[in-house]
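Below: the structure, in structure tokens.
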Amino acid sequence: MAFLKDTTLGIDFGTSNSAMAVRQGRGAARLLALEGAANTLPTALFFNAEDHRTHFGRDAVAQYLAGTEGRLMRSLKSLLGSALLQEQTAVHGKLVSYQDVISLFLRMLAQSALDSLGGMPDRVWLGRPVHFVDGDTARDQQAEMALRQAAQDAGFENVAFQLEPIAAALDYEQRIDREALVLVVDIGGGTSDFTVVRLGPERMAQVDRSGDVLATTGIHLGGTDFDRRLNLELLMPLLGFRHTGPSGREVPNRVFFDLSTWHLIQWLYTPRTLREAQGLRPDYADPQLHARLMTVLTERYGHRLANTVEQAKISASLQDADAALALDWVEAGLGALMTPEGLARHLEAPLQQVVACAHDCVQRADLKPAQLQAIYLTGGSSALRPLRQVLRAAFPDTPQVEGDLFGGVASGLAVAAR
Ligand SMILES: Nc1ncnc2c1ncn2[C@@H]1O[C@H](COP(=O)(O)OP(=O)(O)OP(=O)(O)O)[C@@H](O)[C@H]1O
Ligand SMILES: [Mg+2]
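When we follow my numbering, the leftmost residue of the sequence shown carries the number 31, and every step to the right adds one.
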């Protein structure tokens, strides 16, 4: 393979979206077009059982939503560090591990980089969250090793890892004209990461920036977890979650947790799970709720439900107004409502955890909040209105600055020194 000299490729393999940026010499970082003109792409694969091809990104999601026969996989990054990563699954009639599926996605990125650049950059930075796994260094290390292996199998060489929040900070640094102490907040689909850094135009040229990174913290909690909570509150009760059966006990709730967890949905459509779900019938007092559960499982509507919740979350947050969740495709007339108050209330606990992690970062940097010049926000979930509000309450005097929510990490990786 031809290597492009003095060229750096930054790869942000995200839980929900991925992006790549390239930098030649000391030039500016440039995001690569990944799907048509779009320079970010949903981290999604669809194994189409009709044309027997693998589809990626928006195309993958659209095919699934259109009801094409096949399997959708999302949120694969959440499996890094878990035992499920080595589980085998049938894809186009062959058994592969989920790590292989990650590699398949990265191979598509590698091909995409080759196509648009005409060769492979001689240096590759791959982003990683501060913690793939909270509170377990060994499993965290395993997660990074698995991602490195997947990247190598995909054809990437000379891969090094950089923390995603540091990459986000480096991207922000390209756009400021004076030195500043900044709390960088990257709230994505799977993780929330923080770093307190000293940034400035004069500092950019230094190769070793470790002295400027005052602290980093991170927590395995992000937008997909918000979706799960909202799903459990708003939709799963329609299928029998917290429903009391004839014996006075609630319906066993495992299936509802799995159905509302992005990276576990794809496990639910096996004959065994369907049999188990069918077996829950005596646990229901209301047969209609059970019938809905069976419709969702047999029609493989799990991702569609999760997607409906996610869209309503975004809409209720952006508009600060009620968002309707229409579920006519499950049952005529079925639906739910996401209100701005509900959004804030159902997410209060995880948002408090996120803010505690931000506080922890500032404390570890040995700073008082008043010493911060800015809070720099990136990652899709940093747009969430209730998140902004709890952050403002926690750091009332620090201005919030919004960055490139979906491309910033990739751009920052491309300008990281090596
Ligand atoms: N306007 C919005 N308001 C709230 N949430 C949003 C908005 N837009 C996107 N999101 C959420 O942002 C998340 C995706 O953000 P992003 O693409 O930054 O994550 P990621 O980089 O893939 O994940 P990670 O960095 O955790 O691996 C999703 O959970 C999505 O629902
Ligand atoms: Mg991210």
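Positions of the beta carbon are idealized from the N, C-alpha and C atoms, including for glycine.
Apart from the five residues on each side of it in sequence, which residues of its chain come closer than 6 Å, Cβ to Cβ, to residue i?
| i | result |
| --- | --- |
| residue 338 | 355 |
| residue 311 | 320 |
| residue 264 | 366 |
| residue 6 | Because the chain in this structure spans residues 31 to 448, residue 6 falls outside the shown range and cannot be described. |
| residue 357 | 364, 365 |
| residue 335 | 265 |
| residue 146 | 62 |
| residue 230 | 209 |
| residue 424 | 385 |
Just to confirm, does residue i get its C-beta within under 6 Å of one of the non-hydrogen atoms of ligand 2?
| i | result |
| --- | --- |
| residue 218 | yes |
| residue 165 | no |
| residue 100 | no |
| residue 253 | no |
| residue 44 | yes |
| residue 123 | no |
| residue 409 | yes |
Residue i: buried (16+ other C-beta within 10 angstroms of its C-beta) or exposed?
| i | result |
| --- | --- |
| residue 343 | buried |
| residue 348 | exposed |
| residue 45 | buried |
| residue 105 | buried |
| residue 82 | exposed |
| residue 167 | exposed |
| residue 95 | exposed |
| residue 175 | exposed |
| residue 255 | buried |
| residue 416 | buried |
| residue 378 | exposed |
| residue 328 | exposed |
| residue 141 | exposed |
| residue 382 | exposed |
| residue 284 | exposed |
When every heavy atom of ligand 1 is checked, does at least one fall within less than 6 Å of the C-beta of residue i?
| i | result |
| --- | --- |
| residue 247 | no |
| residue 340 | yes |
| residue 353 | no |
| residue 221 | yes |
| residue 444 | no |
| residue 436 | yes |
| residue 414 | yes |
| residue 69 | no |
| residue 47 | yes |
| residue 345 | no |
| residue 335 | no |
| residue 156 | no |
At the 7 Å Cβ level, is residue i part of the contact set with chain C, yes or no?
| i | result |
| --- | --- |
| residue 123 | Checking the listed chains, one finds no chain C in this structure; it contains a single protein chain. |
Counting only the same chain and skipping the five closest in sequence on each side, list residues whose C-beta sits under 7 Å from that of residue i.
| i | result |
| --- | --- |
| residue 294 | 288 |
| residue 270 | 281, 314, 319, 320, 323 |
| residue 116 | 127, 129 |
| residue 122 | 77, 82 |
| residue 160 | 193, 195, 223, 246, 247, 248 |
| residue 143 | 39, 50, 62, 150 |
In its own chain, which residues sit with a C-beta less than 8 Å from the C-beta of residue i, not counting the 5 before and 5 after it?
| i | result |
| --- | --- |
| residue 391 | 213, 224, 225, 226, 245, 246, 247 |
| residue 118 | 125, 126, 127 |
| field | Segment contact flag, the region 229-246 with the region 197-211, C-beta cutoff 8 Å, min 3 pairs | value | yes
### Message
Give the list of continuous alpha helix (DSSP H) stretches no shorter than 4 residues that lie fully inside the region 294-344.
### Response
301-308, 317-328
Q. Given 8 Å as the limit, is there contact between the region 367-374 and the region 283-300, that is, 3 or more CB pairs closer than that?
A. no
Next on the checklist: Going residue by residue through the region 164-226, where are the continuous beta strand (DSSP E) segments of at least 3 residues, counting only ones entirely within it?
Outcome noted: 189-193, 210-217
Every unbroken beta strand (DSSP E) inside the region 228-293 [3 residues or more]
243-249
Any contact between the region 125-134 and the region 102-110? By contact I mean 3 or more CB pairs, one from each, below 8 Å. yes
Task: Three CB pairs or more closer than 8 Å across the region 192-199 and the region 208-228 - done: yes
Per the contact definition of three or more C-beta pairs closer than 8 Å, is the region 393-407 in contact with the region 429-440?
-> yes
Can at least three beta-carbon pairs, one atom from the region 144-157 and one from the region 177-189, be found at a separation below 8 Å? yes
_Cβ contact check for the region 432-446 and the region 58-73: 3 or more pairs under 8 Å_ = yes
- Task: Let me know the alpha helix (DSSP H) ranges lying completely inside the region 345-402, each 4 residues or longer, listed in chain order.
- Result: 370-376, 378-394
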